[in-house]
Amino acid sequence: MATDHKNTLSRDELWRVELRKAKKNKERTDIPRVRMNELDAAYRSRNNEEVNLGLTGAQARLEASRCLDCPSPSCITGCPVGVQIPAFIKYIETGRFLDAAKTLKETSALPAVCGRVCPQEKQCEAQCIHLKMKKEPVAIGYLERFAADYERESGQMSVPTVASPNGTRIAVIGSGPAGLSFAGDMAKRGYEVTVFEALHEIGGVLKYGIPEFRLPNRIVDVEIDILSRMGVTFVNNCIIGKTLTYEDLRADGFKGIFAAGGAGLPNFMNIPGENLIGVMSSNEYLTRVNLMDAANPESDTPVLTGRRVAVIGGGNTAMDSVRTARRLGAERAIIVYRRSQEEMPARLEEVKHAREEGVEFLTLHNPIEYLGDDKGRVRQMRLQKMALGEPDASGRRRPVVIEGEIETIDVDAVIVSVGVSPNPLIPGTFSGLEVTPRGAVAVDETTLRTALPDVYAGGDIVRGGATVILAMGDGRRAAAAMDAAIKTNV
Amino acid sequence: MVKLEVEAPLIARSRKAGHFVIVKLGEKGERIPLTIAGADTEKGIITLVIQAVGNSSRKICGLNEGDVITDLVGPLGQATHVSKVGTVVCAGGGVGVAPLLPIVEAFHQAGNRVIVVLAARSKELIILEEQMRASSDEVVIMTDDGSYGTKGLVTDGVESILIREKTDLCVTIGPAVMMKFVSALTMKYKIPTVASLNTIMVDGTGMCGACRVTVGGKTRFVCVDGPEFDAHQVDFDEMLMRLGAYNTK
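Protein chains in written order, with this note's numbering: chain L, 5 to 494; chain Y, 15 to 263.
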């Protein structure tokens with residue numbers, strides 16, 4: 005019963021007051037932070053099994069007891085979707101794991117996903133009171149994952165309550181994290197939501213991008229299934245702007261459109277030899293392996309593998325690519341990054357896992373040319389050595405060339421993971437939509453409304469390359485704003 | 015070579031000459047691009063013509079009437095830019111002849127004088143001759159073995175026209191090597207030329223970059239920027255090389 009459940013989120017509930025009294029704060033803060041159970045690095049670097057194994061019930065309850073249930077919890081402000089963090093953690097502490105999962109689902113359409121791929125160390129956990137006491141923060145991400153996994157494995161998945169249908173049709177373009185989050189929130193409000201996906205699979209970057217060893221597809225599918233049970237309709241193989249136009253959607257009675265088509269175009273560096281065979285974008289490499297299952301001999305889709313694979317870049321996608329290369333048999337899998345490890349945008353956990361799995365890090369190196377054989381296959385890369393100079397606009401120290409210091413290394417495959425640009429498909433086919441000079445869809449920063457009054461946009465189509473949780477936060481904000489606009493008829 | 019009529023009413027309605035679709039057959043199938051060869055909006059069908067060259071195309075060619083294509087998405091790419099320019103030579107070879115047909119029809123309808131050059135190894139491999147005749151002013155047939163039309167290559171046929179009359183535009187679709195030589199020929203005669211490129215793709219929507227080609231010294235994506243480009247600017251040698259990416263020989 006959702007309404008009853010909501011009332012119990014207050015920290016003044018008797019059970020929470022008593023729970024806080026049950027243990028002194030000193031006792032709570034003295035408990036060391038839990039360590040994630042993981043597969044052995046040598047074993048996991050040769051298969052696709054999920055690296056993190058999750059917490060046991062006992063581990064989760066102990067970790068949950070570290071949380072002080074603060075009067076004004078700053079962790080919530082660090083969460084782009086505003087998960088009721090102390091509430092769900094306190095449910096875990098008392099062993100009410102299903103209630104913890106329900107609490108998560110009130111604000112997050114994808115808790116099992118967020119618990120795995122969110123950069124908690126930069127968001128909720130970065131705000132944890134423990135840090136002020138020089139202690140490690142509560143492992144909020146691990147606990148989120150625990151509650152979501154527990155619920156899924158219990159066979160008692162709850163479907164969030166939806167308002168009675170209001171008959172208003174809403175279209176969502178793209179079934180990635182922004183689109184799914186938006187769809188869930190609008191379905192809860194009683195809208196008739198249809199999600200259109202260009203690819204043959206629902207899930208966007210959660211399917212084609214993030215590898216199985218970090219986010220198994222079956223977990224994404226369960227969360228999508230919940231949305232279906234909430235009444236969301238999914239249409240695959242349908243490109244808005246091509247198969248159906250903006251005008252078609254309006255003629256079909258859609259009163260609001262949320263454009264969340266993702267980032268699209270992979271960036272290349274425009275250096276000599278970049279079009280040699282074996283040089284590819286991380287989008288191509290990961291799509292072949294994750295979406296098309298190219299490493300499976302039964303799949304018709306091929307993928308180029310190599311003994312020596314270099315991945316250019318220092319973000320999460322670069323880590324996903326290089327760890328995938330290890331799993332596909334690369335003897336040397338190397339991250340080539342032009343700054344130092346300190347400036348790497350990738351999550352610390354990903355870098356740590358990559359290192360444990362035998363990935364080499366060639367930092368302060370920048371590719372300047374690829375050299376191929378007579379068949380046009382990449383064989384070597386020339387790397388310019390770099391040093392760190394003054395901080396740039398991003399606040400990170402700018403990499404500068406060390407004149408004359410050039411190194412050549414042998415490679416059989418190169419995966420370029422230096423970011424993405426907004427896909428031109430939606431801006432190019434929605435007349436009246438405004439775009440930024442970088443080609444992203446321009447939106448009002450608060451409402452995420454575009455220049456077309458019935459079209460809102462969020463996720464990477466607005467941000468360029470960002471994270472799953474920021475995209476989900478956009479979905480939530482756009483849903484709230486669109487709902488308000490429809491109700492007040494503005 | 016196999017011709018498929020596929021029920022796809024939304025694509026049939028929205029497609030234009032030059033567009034392509036991505037086809038995927040079966041759970042473990044590969045996503046491959048196929049240029050649309052025609053459409054019947056009333057019946058809601060599109061026509062695809064495909065030649066069995068690899069594993070995936072063989073499977074598609076093996077489909078029987080009533081079978082289902084697991085995944086089909088489109089129309090993709092930029093449509094052909096059709097306008098009245100005067101005389102247009104349309105040169106097609108192999109399966110490229112099929113997607114050339116809607117382009118021939120479109121230029122003819124726009125009031126151009128359209129001359130079609132169809133080329134194949136031998137008579138049996140010449141396709142769509144009648145339909146081409148119905149939508150053009152002249153059809154020139156070239157066969158490698160001389161079993162039909164004139165013996166010679168597609169370039170011989172095109173050159174005979176360029177020598178004979180003032181040509182304003184050439185459109186070419188076919189194997190990459192054929193387009194390379196047609197392009198080299200029309201460059202010599204300074205005739206603006208458009209080639210429709212069929213590169214390796216995965217998603218077909220601008221996401222992966224597998225289809226990239228160099229055009230005028232810049233990297234372009236065939237799936238979203240193309241598939242048609244100024245042939246004289248295309249680096250065909252690089253394109254031919256990249257088409258061999260997955261040849262194991």
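We treat Cβ as the ideally placed atom computed from N, Cα and C, and that holds for glycine.
In the DSSP assignment, D229 (chain L) falls within the unbroken alpha helix (DSSP H) covering 221–233. Below the 8 Å Cβ cutoff, chain Y contributes no neighbours of A334 (chain L), its closest Cβ being approximately 18 Å away. Inclusion of I64 (chain Y) and P47 (chain Y) in the CB contact set at 8 Å is not warranted, their separation being larger than that value. Just so you know, the alpha carbons of Y203 (chain Y) and E242 (chain Y) end up roughly 20 Å apart. Counting the other CB atoms within 10 Å of its CB gives L57 (chain L) a total below 16, which places it among the exposed residues. Straight-line measurement puts the Cα of A259 (chain Y) at about 29 Å from the Cα of S136 (chain Y). By DSSP's assignment, H369 (chain L) forms a beta bridge with L:K389. Nearest neighbour of P349 (chain L) by Cα position, chosen from L:T471, L:S14, L:E140, L:G178, turns out to be L:T471. DSSP places K194 (chain Y) outside any beta strand (DSSP E); the residue lies instead in the alpha helix (DSSP H), whose first and last residues are 190–202. Looking only at L:P270, L:S232, L:E335, the smallest Cα-Cα distance to E196 (chain L) is reached by L:S232. Per DSSP, M296 (chain L) is not a residue of any beta strand (DSSP E), being assigned neither H nor E.
A distance below 6 Å between beta-carbons, with the five flanking residues on each side excluded, links G423 (chain L) to the following residues of its chain, in chain order: N271, G469. DSSP, read as helix, strand or coil, puts A112 (chain Y) in helix. Boundaries of the beta strand (DSSP E) harbouring Y341 (chain L): 336–341, taken from the DSSP string. Separation of A482 (chain L) and N241 (chain L) (C-alpha to C-alpha, rounded to the nearest whole angstrom) is 24 Å. Among the residues of the segment 210–235 of chain Y, those with a Cβ less than 9 Å away from any Cβ of chain L are V216, D217, G218, T219, G220, M221, C222, G223, A224, R226, V227, T228, K232, T233, F235, in the order of the chain. Where P23 (chain Y) is concerned, the enclosing alpha helix (DSSP H) starts and stops at 23–28.
Taking CB atoms only, M192 (chain Y) has no neighbour in chain L less than 8 Å away. Scanning its chain for C-beta atoms nearer than 7 Å, with the 5 sequence neighbours on each side dropped, one finds around S150 (chain Y) the residues V118, H122, V128, I129, V130, in chain order.
Among the bridge pairs identified by DSSP, C184 (chain Y) is matched with Y:V103, Y:T207. DSSP lists Y:K38 as the bridge partner or partners of R45 (chain Y).
With a cutoff of 8 Å on beta-carbon distance, S325 (chain L) and L295 (chain L) are scored as not near each other. For P428 (chain L), the residues of chain Y that pass the 8 Å Cβ criterion are G220, V238, in the order they occur in the chain. By alpha-carbon distance to K491 (chain L), the top candidate from L:P181, L:M190, L:N427 is L:M190. Within the same chain, and ignoring the five residues on either side of L77 (chain Y) in sequence, the residues whose Cβ sits closer than 7 Å to its Cβ are L18. According to the DSSP assignment, K192 (chain L) belongs to the alpha helix (DSSP H) that extends over 181–192. Here the alpha carbon of A489 (chain L) sits roughly 37 Å from the alpha carbon of R351 (chain L). If the five residues before and after G393 (chain L) are omitted, its C-beta is found closer than 8 Å to the C-beta atoms of R401, R402, P403, V404, all from its own chain and listed in chain order. Sixteen is the threshold: when 16 or more other Cβ atoms of the shown chains lie within 10 Å of the Cβ of Q388 (chain L), as they do, the residue is buried.
L:G188 is the residue among L:G188, L:C74, L:F150 whose C-alpha sits nearest the C-alpha of V85 (chain L). Around the beta carbon of P77 (chain L), 16 or more other beta carbons sit within 10 angstroms, so the residue counts as buried. Rounded to the nearest whole angstrom, the C-alpha separation of V447 (chain L) and E438 (chain L) is 8 Å. Listed along chain L are I281, K379, G380, each with a C-beta nearer than 8 Å to that of G258 (chain Y). Of the candidates L:Q160, L:L59, L:A113, L:F200, the residue whose Cα lies closest to the Cα of G145 (chain L) is L:L59. Shown here, Y460 (chain L) sits in a strand according to DSSP, grouped into three states. Assignment of Q160 (chain L) by DSSP, reduced to helix, strand and coil, places it in the coil class.
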